[in-house]
Structures are given as C-alpha cells and as structure tokens.
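First the structure, in the form of structure tokens, and then the observations on it.
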Amino acid sequence: MAVTEYQEVRYPILPPTTPLTPQPHQRVYALLVQIPRGRVSSYASLSRALASSPRAVGGALRRNPFVPDVPCHRIICADGAIGGFKGEAQDAPSGVNRKVKEGLLRSEGVLFDGRGMLVMGGGGGMILRLDGDDD
C-alpha cells in the first residue's frame, strides 16, 4: 500500500485541552489536528510517532471529548481497513459506529470498498505517515 511522507504543519495548530485531559492524550490529539480533511493516517503511524502503542492511541481516540475539532475518525488500520470508532471494534455486530465513521470520511472524499478497505487514489484515500519511517 502506498503511503506518503507526513508534511509538517507550518502554522500553529493547537488541540483543545482541559485540565482533565491526560498528557499522553494531548500528544495524540496534537497530531490528529494536523491530519487534513480528505486524508487519513493509521494507529500504527501515530503510535510510532509518539513512541507509544497502537492500543494506547486507540484508548485516547476512544476517549476523545473534542470531536469533531480533534478528528479521530481520520485514523484507520495500517492495512487500510476502516478500523473502530467510538470505542466499538470495526467488526462489532451492530456496525452502526463503523457506518458513522465511513460517512464522515466519505463526506471528506475518503472512500472505502464494500469490505471496509480504503480505496486508494482520487481526491482522498492517502495514508499520511506521521513517523518518518520508510517501511
């Protein structure tokens, strides 16, 4: 799967925070606000950029109180699968949250096929690298 290098933002973008927002979550949210509309990144890419784990990143996303200002829906699985949303796994029986996430991404030009896999090309569908790795 093709990935692009993450372009460092040249203007200050600060995520909202509260005194109750844990520092590790603030770091996740600071990267999330840099992902532009129509683009996605992965749990793995965020975790490598933060020297953390994909599960820890997922935990911060699940507890994101700043939706939609901090766009957690722009994070998908490294293999291009749409991933979970609102604390629900992507293969949860109801599928309601997956449909909401897919709708949000579709409104930004990011498309998925019938199996929930990222469709590359067009106006969206590009996974941004946040970690600088070449793999």
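With the numbering used here as the guide, the letters of the sequence shown map in order to residues 5 to 139. All C-beta atoms in this analysis are idealised placements derived from N, C-alpha and C, irrespective of residue type, glycine included.
Go ahead and label Pro75 buried or exposed: buried means 16 or more other beta carbons lie within 10 angstroms of its beta carbon, across all protein chains shown.
buried
Helix, strand or coil for Val71 per DSSP?
coil
In terms of residues, what are the limits of the alpha helix (DSSP H) holding Val104?
Element bounds for Val104: Val100 to Ser111.
CB of Val37 within 8 angstroms of CB of Leu50, strictly
no
Whole angstroms is fine: what's the gap from Gly113's alpha carbon to Gly42's?
5 angstroms
Please state if the CB of Leu122 and the CB of Gly84 are separated by a distance shorter than 8 angstroms.
yes
Alpha helix (DSSP H) segment containing Val61, residue limits:
Counting along the chain, the alpha helix (DSSP H) containing Val61 begins and ends at Pro58 to Arg66.
As assigned by DSSP and simplified to three states, the class of Val123
coil
In the DSSP assignment, find the alpha helix (DSSP H) that holds Leu36 and state where it starts and stops.
Gln27 to Leu36
Can you check which of these residues, Asn68, Ala53 and Ala55, is closest to Gly91 by C-alpha distance?
Checking every option, the nearest Cα to that of Gly91 belongs to Asn68.
Which residues bound the alpha helix (DSSP H) around Ala53?
Start and end: Tyr47 to Ala53.
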